[in-house]
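Q:
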Amino acid sequence: MSCRVVVGAQWGDEGKGKIIDILAADADIIVRYQGGNNAGHTVVIGEDEFILHLIPSGILHKGKTCIIGNGVVLDPAALLEEIEMLRKKGIKVDGNLLISEAAHIIFPYHKVMDKRRGAKIGTTGRGIGPCYVDKMARCGIRAIDLVNKDSLKKKLQANLEGSAEFDIEKIYEQYLGYGKKIQKYLANVPIVLGKAISKKKRILFEGAQGTLLDIDHGTYPYVTSSNATAGGALTGTGVGPTMIDKVIGVVKAYTTRVGEGPFPTQFKDDLMEKIRRKGKEFGATTGRPRRCGWFDAVIVRHSVIVNGLSEIAVTKLDVLDEMEKIKISTSYKYKGKTYRDFPADIDVLANCEPVYEEHDGWMQDTTAVKKYKDLPKNAKAYLKRLSELLDVKIGIVSVGSKRKQTFKLKSYI
Ligand code: IMP
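Counting from 1 along the sequence shown, just add 195 to a position and that's the residue number in this note's numbering.
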């Protein structure tokens, strides 16, 4: 049995797309379990850069089955655009992609609502939150409804009754059209996965966003509206907890965040520009500049716990190559109290002072390193310290955006 979950252990953008792309080589099925086209997973193959928002990055490997689970909220226009982009680049989608019949669908009214109400959170404006609101309010419209004319009409009428802003008939026709196009991908995903597990197929569950953006375990209310943590892989696909063998957390060697919300270790000086430039820290979905800061062991320790991480993959180590000194936050101080564990009170997070330890940098280019043993001494010391502080093993290290700039460790740190 091999069911592995890959989750972001910070505020998203940890480089999950790349790690999933590497792990997908050893998987038969890759399943996305939550979020929507708010995500942007970047994979670089040769000179080609692919940014995937909905379809699991496993699609870039020949012959893999890629599944969009029920926990995902699906914008059909964005999906069809992505399928077209992949086709143009010569990637086979038909026959390799399945979509859960139970995935909820994003409608134009969700996007309008998101743009109106999401500013305080700094949402991506893709209608993600409002679509999940409808799901929980039990008035959502699911993928299966797009191929049932009567059901779609009734549900749209119920949702938009009395609204002068939206043309029900126009939306109905438009979404029936989408239904025709996506019908061939629709599947009963729990059954597909159950059968695959009994045939000993290797399944990789792909999380989007990151643990600190999780609706339950993140920096609420500055979060996304789904469970980005490993638990989401179960509810978002229909696989039971006893089936999961391993949970891999993806961790950037420093920290970034897009949108609003507290970020204790955010740089206050010109380091922000330096790291942003070197790490190309601009949102893959919205193009917004990402906020950057030092590694925060408090938030990642929280991720180790709430995801039950078996190991971590550390990405973008090379971005720190030119730093003379590198800091790690090990705890926070607020009103005379020391916080070693992640505080639930957002005020503590917003107003605390991080307590740092400082390490000597390695001041050497690591982008051509292919084995752990060839990393500079101080880079190894940094990784070792992260592993100690987080109390988790490191299994993968990445030093650049290309496939060959990622290496699995022969023995864990
Ligand atoms: P929403 O997911 O569009 O509702 O946005 C909620 C928050 O999550 C905002 O701060 C977004 O910037 C953030 N967010 C959503 N998706 C991602 C992602 O893939 N990477 C990083 N941040 C994200």
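A virtual CB, placed ideally from N, CA and C, is assigned to each residue, including glycine.
In this text the structure is predicted, and so the values were computed from the model without any measurement.
With respect to 8 angstroms, is the separation between the Cβ of ILE316 and the closest non-hydrogen atom of the ligand IMP below this value?
A: For the ligand IMP, a non-hydrogen atom lies closer than 8 angstroms to the CB of ILE316.
Q: By DSSP, does LEU570 sit in helix, in strand, or in coil?
A: coil
Q: Tell me the residue span of the beta strand (DSSP E) that contains LYS528.
A: 520-529
Q: Any heavy atom of the ligand IMP closer than 8 angstroms to the beta-carbon of GLU455?
A: yes
Q: Rounded to a whole number of angstroms, what is the C-alpha to C-alpha distance between GLY372 and GLN559?
A: 55 angstroms
Q: Secondary structure at GLN461, three-state DSSP: helix, strand or coil?
A: strand
Q: Thinking THR318 and ALA479 are a contact (beta carbons under 8 angstroms), I'd like their distance in whole angstroms, please.
A: Not a contact, Cβ separation roughly 15 angstroms.
Q: When we look at the beta-carbon of THR414 and count the other beta-carbons within 10 Å, is it buried (16 or more) or exposed?
A: buried
Q: Let me know the secondary structure DSSP gives ASP309 once reduced to three states.
A: Correct three-state label for ASP309: helix.
Q: With DSSP as the reference, label PRO325 as helix, strand or coil.
A: PRO325 falls in the helix class under three-state DSSP.
Q: Pick helix, strand or coil for THR412, following the three-state DSSP scheme.
A: Looking at the sequence provided, one finds His at residue 412 rather than Thr. In the structure shown, HIS412 sits in coil (DSSP, three-state: anything other than H, G, I, E or B).
Q: Going straight from the alpha carbon of GLY581 to that of LEU351, what length do you get?
A: A small correction: the amino acid at residue 581 is Leu; Gly does not occupy that position in the sequence shown. Here the alpha carbons of LEU351 and LEU581 stand approximately 51 angstroms from one another.
Q: Taking only three categories from DSSP, how would you classify PRO549?
A: strand
Q: What separation, rounded to the nearest whole angstrom, lies between the Cα atoms of ARG485 and LYS344?
A: 43 angstroms
Q: Can you tell me whether TYR327 is buried or exposed, with buried defined as 16 or more other CB within 10 angstroms of its CB?
A: Buried.
Q: Is LEU247 near the ligand IMP, judged by its Cβ being under 8 angstroms from some heavy atom?
A: With a cut-off of 8 angstroms, the C-beta of LEU247 is classified as distant from the ligand IMP, since no heavy atom of the ligand falls inside that distance.
Q: So, at 6 angstroms on beta carbons, what are the nonlocal neighbours of VAL453 in its own chain, with the 5 sequence-adjacent residues on each side left out?
A: GLY478, ARG483 and ARG485
Q: Secondary structure at HIS248, three-state DSSP: helix, strand or coil?
A: Residue state, collapsed to three classes: coil.
Q: Can GLN559 be considered in contact with the ligand IMP, in the sense that its beta carbon sits closer than 8 angstroms to one or more heavy atoms?
A: no
Q: Considering Cα atoms alone, identify which of ILE366, MET438 and GLU368 is closest to LYS396.
A: Checking every option, the nearest Cα to that of LYS396 belongs to MET438.
Q: Could you tell me whether any non-hydrogen atom of the ligand IMP is closer than 8 angstroms to the CB of LEU408?
A: yes
Q: Going by alpha carbons, who is nearest to LEU274 out of ILE250, ASN265 and THR525?
A: ILE250
Q: Classify TYR534 as helix, strand or coil using the three-state DSSP reduction.
A: strand
Q: Report the option in ALA297, GLU401 and LEU269 whose CA atom is closest to the CA atom of GLY253.
A: GLU401
Q: Measuring CA to CA, which of THR601, GLN378 and LYS376 is closest to ILE240?
A: THR601
Q: Quick one: measure Cβ to Cβ for TYR367 and LYS349, integer angstroms, because I've assumed they're closer than 8 angstroms.
A: Taking the Cβ atoms as the reference, TYR367 lies roughly 10 angstroms from LYS349, outside the contact range of under 8 angstroms.
Q: Whole angstroms is fine: what's the gap from GLU308's alpha carbon to GLY322's?
A: The sequence as given places Met at residue 308; Glu does not occur at that position. Using only the alpha carbons, I get a separation of about 7 angstroms.
Q: Kindly examine the ligand IMP and report whether one of its heavy atoms sits closer than 8 angstroms to the Cβ of ARG397.
A: no
Q: DSSP has LEU381 in a bridge; who is on the other side?
A: Beta-bridge partners of LEU381 (DSSP): ILE294.
Q: List the DSSP bridge partners of ASP484.
A: Going by the sequence as given, residue 484 is Pro instead of Asp. Under DSSP, the beta-bridge partners assigned to PRO484 are PHE477.
Q: Who does ASP216 pair with in a DSSP beta bridge?
A: In DSSP, ASP216 forms no bridge with anything.
Q: Restricting to Cα atoms, I'd like to know which of VAL592, LYS588 and ASP542 is closest to LYS566.
A: LYS566 has its Cα closest to that of VAL592, out of VAL592, LYS588 and ASP542.
Q: Measuring alpha carbon to alpha carbon, tell me which residue in ASP513, GLU519 and SER526 is nearest ALA492.
A: SER526
Q: Can you give the beta carbon distance from LYS259 to ILE225, rounded, assuming they're within the 8 angstroms contact cut?
A: Sure, about 6 angstroms apart at Cβ, within 8 angstroms.
Q: Enumerate in chain order the residues of its own chain whose CB-to-CB distance from ILE363 is below 7 angstroms, with the five nearest sequence positions on each side excluded.
A: LEU351, GLN352 and LEU355
Q: Let me know if GLN378 comes out buried or exposed under the rule of 16 or more other beta-carbons within 10 Å of its beta-carbon.
A: exposed
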